[in-house]
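In full-length UniProt numbering, the protein residues as written are 1 to 151.
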């Protein structure tokens, strides 16, 4: 079930974000993500429009959130994370479909080394429109864009 993020979801989301981002980016030092957590918690999440995927049939306890997607500035996919145990179960696709029905165009950034995410975004209709070197993590970041077919 997809629902809008509630402030009570913060701790569960932060835990899911940290575990998932470390897992998805083994080429970036884990410490970088720990240092980024306050920025996510205090700046990005409060300004983003976020939806969570709650495990079907589960109550509203924190550990039932198995995925989330955040949109910044009405067009930037700032986060899309799914608990590792639920990879390949359609959770990310459901979350992406949810926002693609609500926005005429979306952009995102993904590390080139994150092949799984890159392939997923390509399947969802995103195309690469730029690339940049991120000195802090020493990785190449691809900028991808999606436009609703009707626009």
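Ideal Cβ placement from N, Cα and C applies to all residues, glycine included.
Smallest Cα separation from residue 107: which of 142, 83, 82 and 86? Closest option to residue 107, Cα to Cα, is 142.
Buried/exposed call for residue 39, threshold 16 Cβ in 10 Å: Classification of residue 39: exposed, given that the 10 Å Cβ count is below 16.
Can you tell me where the beta strand (DSSP E) with residue 109 in it begins and where it stops? 105-111
Assuming contact is defined by CB atoms lying nearer than 8 Å, are residue 110 and residue 121 in contact in what I supplied? yes
For the stretch 70-86 against the stretch 16-28, do three or more pairs of beta-carbon atoms, one drawn from each stretch, fall closer than 8 Å, so that the two count as touching? The stretch 70-86, when compared against the stretch 16-28, does touch it at the 8 Å Cβ threshold.
With which residues is residue 144 paired in a DSSP beta bridge? 108 and 128
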